[in-house]
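Under our numbering, think of the first position of the sequence shown as 2, with each following residue one higher. The next block holds one structure in the form of structure tokens; read it before the comments.
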Amino acid sequence: MQMKMKYLLTLLVAVSLLSCAEPQREEQAENLDQKVEAALKLASIQYVYLGSRTPSGRYPKTYYEKTDSLETSDSGWWCSGFYPGTLLYLNEVDPSPELKQQANVALGGLENEQFNKSTHDLGFMMYCSFGNANRLDPNPKYDTILLNSAKSLATRYNAKAKSIQSWDSAPWNKAGANEMPVIIDNMMNLELLFWATKFSRDSSFYRTAVEHANTTMKNHFRKDFSSFHVVIYNKNTGAVVKQITNQGAADGSAWARGQAWGLYGYVVMYRETKDKKYLQQAENIADFILNHPNLPEDKIPYWDFNATNIPDALHDSSAAAIIASALFELSTQVSETKAAGYRKDAELMLDNLLTPYYLASPKTNGGFLLMHGVGNMPNQTEVDMPLSYGDYYLVEAMLRYKKMPKK
């Protein structure tokens, strides 16, 4: 009898705890829903303000609070597509004449980059901008621009290395004339090639993307599924010459944004090919990030997982935004058990990015959304500052969150 009473009491406590936990989970979801809606409204205000401060023909890169000044670029800078891309995302959520006008002006200034064969970043530049424009408002002009951009990107493919060359040179490494640097970031530019495959029915774009992804999987990743930043190949033989870094703490470290680019890139690879090896790669990278002992409790990673001054190292809000966006999509590709875990981590990242420490208040931060991004720590550029790509992937993460099934 005593044992039976003890069992009933235990059962009652368990039921009570579950009944308390369920409303708590629902309340957390409701709070994040509210924070996302408020953040998107803020974002529209911020980007109208940012547009009012951005000179004609320029693209915002970052903001210096001490001098209250924007740093901008011309259309050829690798980040030029994020500004119009963010404007288009925001206008998609809450149509605004100001946002649409700013986006159209920025797109107009980017058109000539479709013929730019000197950069591997045409996916960032042209697909984040014209890709979104074409998705929202299909237009033969956009088709032409995107196809020309894909053709320009494809010219950088090296058949010996089976990879797309990133930089034309790496003076900081004194790379030789026969050496070609390839960076993990390049995984993000393959989505443009998949679009071109579907539009043109030319399978060469598909083969280039797949071969680049396979080569990267082979040579960029270590046994623990962390990634080198840069792999330098011999142009003539395709042999790996060096595995190094330009933006990480050390050649053998795990630069946080590099891990984010890799995760996002292989999520896209699986979406576009349905090849399970890419899904497994994405899961392995995600598990490396999420289970790393140096990942902080708030899930906003330090700028490098192996930074020497952890826990005093700077966090990188841009890396967190990219990872959160990638995890939301990854959660739609895996079993429900795994999906729940990825969604939970992505939601926690997003929830913390939308706190006052990271998210700017109206008409501050130069008009950018996220604070505390880390661009290039070793070279001391854009350190602890807003970054245009941080904003782009934050907004994308919020839009993906809104589409997630609520349970």
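Where a beta carbon is used, it is the ideal one built from N, C-alpha and C, also for glycine. Please read these numbers as outputs of a predicted model, since none were measured by experiment.
- Reducing DSSP to helix, strand and coil, say where V269 ends up. helix
- Does the beta-carbon of E348 have 16 or more other beta-carbons within 10 angstroms, so that it is buried, or is it exposed? buried
- Message: When you measure from the CB of A210 to every non-hydrogen atom of the ligand ADP, does any distance come out below 8 Å?
- Response: The ligand content of the structure shown is nil, which means the ligand ADP is not present either.
- Classification of E383 by the beta-carbon crowding that lies within 10 angstroms, buried from 16 upward: buried
- Task: Please confirm whether L351 and L371 have their CB atoms less than 9 Å apart.
- Result: no
- Beta-carbon spacing of L379, G239 below 9 Å: Checking the displayed sequence, the identity of residue 379 turns out to be Pro instead of Leu. Their beta carbons are not under 9 Å apart, which means P379 does not touch G239 by this criterion.
- Message: Report the start-end ranges of each beta strand (DSSP E) in the stretch 347 to 404 that is 3 residues or longer and not cut off at the edges.
- Response: 374 to 377, 382 to 386
- Task: Pull up the CB-CB distance for L191 and G266, whole angstroms please, since I reckon it's below 8 Å.
- Result: 7 Å
- Query: So, are the CB atoms of E114 and G77 less than 9 Å apart?
  - Reply: yes
- Message: Helix, strand or coil, according to DSSP, for L43 in the structure here?
- Response: helix
- Quick one: grab the DSSP three-state call for V335. coil
- Item | Distance, G86 Cα to N133 Cα | 7 Å
- Task: With a 10 Å radius around its C-beta and 16 neighbouring C-beta atoms as the bar for buried, classify Q282 as buried or exposed.
- Result: buried
- What are the boundary residues of the beta strand (DSSP E) that T55 is part of? Neither: T55 is in no beta strand (DSSP E) and is coded neither H nor E.
- Segment limits, alpha helix (DSSP H) that includes Y279: 277 to 291
- The alpha helix (DSSP H) enclosing Y128, as first and last residue numbers: No alpha helix (DSSP H) contains Y128, which DSSP labels as neither H nor E.
- At 3 residues or longer, and completely inside the stretch 128 to 171: list those beta strand (DSSP E) runs for me, N to C. none
- Name the two residues that bound the continuous alpha helix (DSSP H) containing E93. 83 to 94
- Message: Using a 10 Å radius around the Cβ and a threshold of 16 neighbouring Cβ atoms, would you call A197 buried or exposed?
- Response: buried
- Item | Per-residue burial, P387 [other beta carbons within 10 Å of its own, 16 or more giving buried] | buried
- Message: I need the straight-line Cα distance from A44 to S254, nearest angstrom please.
- Response: 34 Å
- C-alpha gap between M189 and I323, whole angstroms: 11 Å
- Task: Tell me whether F116 is buried or exposed, calling it buried when 16 or more other Cβ atoms sit within 10 Å of its Cβ.
- Result: exposed
- Task: Keeping to the same chain, check which residues put their C-beta closer than 6 Å to that of D252; ignore five residues upstream and five downstream.
- Result: I245, T246
- Task: Measure the alpha-carbon distance for Y279 versus V268 and round it to whole angstroms.
- Result: 7 Å
- Could you say if the stretch 220 to 240 and the stretch 205 to 212 meet the contact criterion of at least three C-beta pairs nearer than 8 Å? no
- Query: Beta-carbon separation of S74 and R59 under 9 Å?
  - Reply: yes
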